[in-house]
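Per numbering that gives the first Met the number 0: the sequence shown = residues 0 to 256. We treat Cβ as the ideally placed atom computed from N, Cα and C, and that holds for glycine. If you're wondering where the values come from, they're calculated on a predicted model, not measured in any experiment. Worksheet: the structure to be examined is printed underneath.
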Amino acid sequence: MENHEPDGTIIKENLTDIIARKINQLPEAERNLLENGSTYVGLNAALCGLIANSLFRRILHVTQARIAAGLPMAVIPFLTANVSYKGFVSLPLNTGDLQCETCTVTRGGLVGLVFGGLYPVFLAIPVNGGLAARYNSALLPEKGNILNYWIRISKPVFRKMLFPILLQTGFAAYLGSRQYKLLIKALQLPEPGLPMAVIPFLTANVSYKGFVSLPLNTGDLQCETCTVTRGGLVGLVFGGLYPVFLAIPVNGGLAAR
């Protein structure tokens, strides 16, 4: 017994192929924004991580291991925000699973807030806390006061990080809206070559019927030379020259767009 793929899987694969083909028709700048927008969210998250790391280092008086601490505080938030945005926004858009602009904006904003803003700040706490304990740069609390201590230490950092976090949230939400609109624009583009196949076909077909087939069938065309001449002229004008001239405005308009 043969195994057949479920109809839903086949439809989904076809939809994904159509979306990918449409995206490739966009101008390069718009296509890059649609395909690589998550990179910008990741870069902003890396910047938030570096800022939070710097603030905690100042509070805890940590002066050692700048590169050793700064590298993970840039790389880990970048990768986390990048992958999260792709998984929650970019991939569902490109597969047709996300079809609501409000949902796209909300998802983008939440990814920017959680993974691009808050996560780097929380990540900076154990990184710099470990450095402070290792180099004895700050007086750390006893076991019973750890939570209260880090809440007190983190409050000024979160106050200073409020603007970068809000900026990251707003940027990710805007990026989601922008990507959704670019996808809609891509889906509204005509299939490559479709007008250049359909219009000449219809024009030549109707012209040949009107100038040759119909007059022959009604008895209005009773001369072989006239029939051959008409057929040749229709082939030359509507079957040969017209498609060439039609290609000029079609491709000129696409180039301008």
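Sequence-distant Cβ neighbours of THR15 in its own chain, meaning closer than 8 angstroms and more than five residues away, are ASN93, THR94, GLY95. DSSP, read as helix, strand or coil, puts PRO163 in helix. Distance from the CA atom of GLY48 to the CA atom of LEU245, rounded to whole angstroms, is 55 angstroms.
A check of alpha carbon separations from PHE237 across LEU46, ASN216, LYS208, CYS222 identifies LYS208 as the nearest. Residue PRO119 holds the alpha-carbon nearest to the alpha-carbon of LEU78 among LEU201, ALA51, PRO119, ILE66.
Judged by their CB atoms, GLY128 and ALA80 are not nearer to each other than the 8 angstroms cut-off.
Selection ARG229, GLY108, ALA73, GLY69 evaluated against PHE87 yields GLY108 as nearest (Cα-Cα). C-alpha of LEU215 to C-alpha of THR226: approximately 8 angstroms in a straight line. Under the three-pair Cβ rule at 8 angstroms, the region 137-157 does not count as touching the region 32-49. Residue environment analysis places PHE162 among the exposed positions, since fewer than 16 neighbouring C-beta atoms fall within 10 angstroms of its C-beta.
Residue state for THR62 is assigned as coil, using DSSP reduced to three classes. With respect to the 8 angstroms criterion, SER89 and SER53 are not classified as neighbours on the basis of their beta carbons. In this chain, the alpha helix (DSSP H) harbouring CYS102 covers 100-112.
In the structure shown, GLY218 falls within a coil segment according to DSSP collapsed to helix, strand and coil. Taking the C-beta atoms as reference points, ALA123 is found nearer than 8 angstroms to ALA51. Per DSSP, LEU90 is one residue of the alpha helix (DSSP H) stretching across 90-94.
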